[in-house]
Amino acid sequence: MAADIERRLRDAMTAAVAECEPPRAIMELVRRRYRRRNRNIAAAGALTLAAAITVTAVTGAVGRQPSPVREHRAAGPLFPGGGRILFATAAGALEWLYPDGRTAQVASGFAGAAPAGPVLLAWKQTAYGFSYYTMNDDGSDIRLVRPAGHSKRVSTIDAELSPDGTRLGYDVQDVVSVRDVTDEIWSVDLVTGRKTDLGPGPGFIWRDSSAILADSRDQRSLQLVSVTTGRRTPFLTVTDQPLIRAYRQVRPRAGLPESIWADGWSPGSAPAVLAISLANTPGTGGQPAEILLRGGQVLPFAPDTDSLIQLSWGVDGMFMLHTGYGDNSVGWNSYVGTLSGGPLSRPRTLGEPWDTVAFSPHGDVIALGYGIEITAFVPVPAPACRRAGRCLHFRPKPLFGRGTLLAWAPVPAR
Amino acid sequence: MDADAGDPFEEFVRGRSARLFRLAMLLAGQNRAEAGELLEIALERAYRRRATASRDRSPEPYVRQVLVSTSIDRWRSLRRRAGQPPAAGEPGPEVRDATGEIADRDLLLRSLAALPPRQRAVLVLRYWEDLPEAEIASVLRCTVGTVRSQASRGLARLREAAASRVAERPETAAPDQPGTAVTAQAERPETGDRDD
Numbered sequence: 320m321a322a323d324i325e326r327r328l329r330d331a332m333t334a335a336v337a338e339c340e341p342p343r344a345i346m347e348l349v350r351r352r353y354r355r356r357n358r359n360i361a362a363a364g365a366l367t368l369a370a371a372i373t374v375t376a377v378t379g380a381v382g383r384q385p386s387p388v389r390e391h392r393a394a395g396p397l398f399p400g401g402g403r404i405l406f407a408t409a410a411g412a413l414e415w416l417y418p419d420g421r422t423a424q425v426a427s428g429f430a431g432a433a434p435a436g437p438v439l440l441a442w443k444q445t446a447y448g449f450s451y452y453t454m455n456d457d458g459s460d461i462r463l464v465r466p467a468g469h470s471k472r473v474s475t476i477d478a479e480l481s482p483d484g485t486r487l488g489y490d491v492q493d494v495v496s497v498r499d500v501t502d503e504i505w506s507v508d509l510v511t512g513r514k515t516d517l518g519p520g521p522g523f524i525w526r527d528s529s530a531i532l533a534d535s536r537d538q539r540s541l542q543l544v545s546v547t548t549g550r551r552t553p554f555l556t557v558t559d560q561p562l563i564r565a566y567r568q569v570r571p572r573a574g575l576p577e578s579i580w581a582d583g584w585s586p587g588s589a590p591a592v593l594a595i596s597l598a599n600t601p602g603t604g605g606q607p608a609e610i611l612l613r614g615g616q617v618l619p620f621a622p623d624t625d626s627l628i629q630l631s632w633g634v635d636g637m638f639m640l641h642t643g644y645g646d647n648s649v650g651w652n653s654y655v656g657t658l659s660g661g662p663l664s665r666p667r668t669l670g671e672p673w674d675t676v677a678f679s680p681h682g683d684v685i686a687l688g689y690g691i692e693i694t695a696f697v698p699v700p701a702p703a704c705r706r707a708g709r710c711l712h713f714r715p716k717p718l719f720g721r722g723t724l725l726a727w728a729p730v731p732a733r
Numbered sequence: 008m009d010a011d012a013g014d015p016f017e018e019f020v021r022g023r024s025a026r027l028f029r030l031a032m033l034l035a036g037q038n039r040a041e042a043g044e045l046l047e048i049a050l051e052r053a054y055r056r057r058a059t060a061s062r063d064r065s066p067e068p069y070v071r072q073v074l075v076s077t078s079i080d081r082w083r084s085l086r087r088r089a090g091q092p093p094a095a096g097e098p099g100p101e102v103r104d105a106t107g108e109i110a111d112r113d114l115l116l117r118s119l120a121a122l123p124p125r126q127r128a129v130l131v132l133r134y135w136e137d138l139p140e141a142e143i144a145s146v147l148r149c150t151v152g153t154v155r156s157q158a159s160r161g162l163a164r165l166r167e168a169a170a171s172r173v174a175e176r177p178e179t180a181a182p183d184q185p186g187t188a189v190t191a192q193a194e195r196p197e198t199g200d201r202d203d
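Heads up: the sequence lines are chains A and B, in that order.
Okay, so the first sequence: first residue is 320 according to our numbering, each after it adds one.
Okay, so the second sequence: first residue is 8 according to our numbering, each after it adds one.
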């Protein structure tokens, strides 16, 4: 009887939609929707800017309140927070933008890049997935470190340089079918070219330059993998008591954690902090919590969300949590915290979910990237900003048409 | 991007949009306009992320997840606004149906469309997409237990609807009263979807 209704339902659904075709110009409809959304965000940014101008005119406020854009172009900085920002422009160039409006093109033909110590790891889109390159931060000494594959089915994803820049770790994904996707992690010594099979994926992060932390296939443990031998040893599991205690502390009604993922180590010098996420369902999702581990210290966080939670590192132990479901604007919130504990605080944003985020080098400003058109700057809220030694006060400041926000870095002393 | 390379996202859309649209049709209760809107929303969100695509997996699981979550969110928001769920699609033209097979399918589909959206999504992902329970749990951000219970409740309602049709069916086939057996149930507020 049960099998019968299941079969009939399957047949009915298959027959009902077998001839259905999407609108012919679906890609054009998608582009139009994308442009419409950007216009809306731009309008929100313009409103914010208009409010800032009004406030400035009425109160004569100066100090750290940013000036209107026209005045910025003439005298003030283009964006608050100092340093320089790396963008991937619409034309496919990697470009540094300085607060005085100067730009320095790094390289062209790249879809994106991420700073990795003193160098950049950049990637290009090809007909067969991504190819990866290293280069100095001025675009010199470009080296192909991982060519694209020769098949649309197999591609390299999640490539990351080791902390000392001598190795590349990467995940080779084979999409056999929608439901049959395999991941293999590899590392290659960039000096000798020797490759090491580090076993199955799906994901990994570098622990140090000699080992990675890999997610297990059943998502119930993290495994330490030597990049020279490929040997795996258990590192953390969902049954570890300190993790269970931390999860229960912030998710008292969620039961036991069922999955664990590595989110990454804090950037910069020691002491290194490991961020992991736990959830009470297989896969990311169900009642998630972000757990920060520093030596024996365990710091759990679980803002009010029953779905997505992601972490982005700032500077000096500062971090940002973003929560939401898919990226619906309802329930999409962001919080800033520090390793010293204390309450999380909410930065002021333009309201829409953003795509990328970066902290200023001093840890006092957050840049939020909305697609390739808009970057918004907002102050780091208190109490997290006190970690940076100063709290700025200004309204969200938009910057238009610079490209996809990739990174925010100090200006190197040369 | 290399000069000779096609845009990978456009290739993805070309290759997979028909399948994704069919999924959207089922999630939207065969309302074509609603399905088109769902697909547009989901693809636009994936399009936004294309610049950072090397950090992500294939866009398909993401698009599928947005389709499901948006279908549930839109149903809830429309229901709050209008006091009732969005209407299912119009029935197709009348077809001679000597064995009652088409009427049976039609009733099942109408009953499916009348289910609460999470139950409907579970049944569509399970029996049309053929996803394992763990993956459905991941898409719906719930436990495997919840997936099982939602599937069981959804199937029970479909079975009730099918049984009521058999009971009402006269020897000579009369036009169905589509969906009446389950519509009243579907208008109840959703309960039991959350685990906490």
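Beta carbons: idealized from backbone N, C-alpha and C, even for Gly.
No experiment lies behind these values; they were computed from the predicted model shown.
Measuring only the C-alpha atoms, how far is residue i from residue j?
i: A/Gln606; j: B/Ala141; result: 15 Å
i: A/Ala707; j: B/Val146; result: 39 Å
i: B/Leu45; j: A/Thr515; result: 43 Å
i: A/Asp582; j: A/Ser481; result: 15 Å
i: B/Ala120; j: B/Ala31; result: 12 Å
i: A/Pro680; j: A/Phe554; result: 32 Å
i: A/Val592; j: A/Trp584; result: 5 Å
i: A/Ile610; j: A/Gly402; result: 30 Å
i: A/Arg465; j: A/Ser450; result: 6 Å
i: A/Gly615; j: B/Asp14; result: 47 Å
i: A/Arg613; j: A/Ser659; result: 11 Å
i: A/Ile685; j: A/Leu416; result: 16 Å
i: B/Leu34; j: B/Leu114; result: 16 Å
i: B/Arg112; j: B/Val151; result: 28 Å
i: A/Arg326; j: A/Val336; result: 16 Å
i: A/Leu597; j: A/Arg572; result: 14 Å
i: A/Ala331; j: A/Ile324; result: 10 Å
i: A/Ala435; j: A/Asn357; result: 30 Å
Quick check on residue i: does DSSP put it in helix, strand or coil?
i: B/Asp111; result: helix
i: B/Thr77; result: helix
i: A/Tyr451; result: strand
i: A/Ile691; result: coil
i: A/Asp527; result: strand
i: A/Asp508; result: strand
i: B/Phe28; result: helix
i: B/Pro68; result: helix
i: A/Thr675; result: strand
i: B/Leu46; result: helix
i: A/Asp623; result: coil
i: A/Gly549; result: coil
i: A/Ser585; result: coil
i: B/Phe19; result: helix
i: A/Pro466; result: coil
i: A/Asp480; result: Asp is not the amino acid found at residue 480 of chain A; the sequence shown has Leu there. Three-state result, A/Leu480: strand.
i: A/Gln538; result: coil
i: A/Gln560; result: helix
i: A/Asn357; result: helix
i: B/Ser171; result: helix
i: A/Gly431; result: strand
i: A/Asp323; result: helix
Which one of the options has the shortest CA to CA distance from residue i?
i: A/Phe620; options: A/Phe638, A/Val634, A/Gly688 and A/Ala435; result: A/Phe638
i: A/Ile524; options: A/Asp534, A/Gly518 and A/Thr515; result: A/Asp534
i: A/Ala446; options: A/His469, A/Ser427 and A/Leu543; result: A/His469
i: A/Cys704; options: A/Thr657, A/Phe713 and A/Asp674; result: A/Thr657
i: A/Ser578; options: A/Ile691, A/Arg570 and A/Thr556; result: A/Thr556
i: A/Ala410; options: A/Ser653, A/Ile404, A/Gly400 and A/Gly431; result: A/Gly431
i: B/Val131; options: B/Ala40, B/Phe16 and B/Gln72; result: B/Gln72
i: A/Val730; options: A/Arg358, A/Ala423 and A/Glu340; result: A/Ala423
i: A/Thr668; options: A/Asn652, A/Glu692 and A/Gly522; result: A/Asn652
i: A/Arg354; options: B/Ala42, B/Asn38, B/Arg52 and B/Gly43; result: B/Arg52
i: B/Val154; options: B/Ala163, B/Arg164, B/Asp137 and B/Arg125; result: B/Arg125
i: A/Thr547; options: A/Arg564, A/Ser540 and A/Arg513; result: A/Arg513
Which partner residues does residue i have in the DSSP bridge list?
i: A/Asn599; result: Looking at the DSSP assignment, A/Asn599 forms no beta bridge with any residue, so it has no partner.
i: A/Gln492; result: A/Ser474 and A/Asp502
i: A/Glu414; result: A/Phe406 and A/Gln424
i: A/Leu618; result: A/Leu611
i: B/Arg125; result: BP columns for B/Arg125 are empty, so no partner.
i: A/Tyr308; result: No answer is possible for residue 308 of chain A: it lies beyond the span of chain A, which begins at 320 and ends at 733.
Does the count of Cβ pairs from the segment 15–25 of chain B and the segment 706–726 of chain A closer than 8 Å reach three? no
Flag this pair as touching only if the segment 431–442 of chain A and the segment 450–461 of chain A have three or more C-beta atom pairs under 8 Å; answer yes or no. yes
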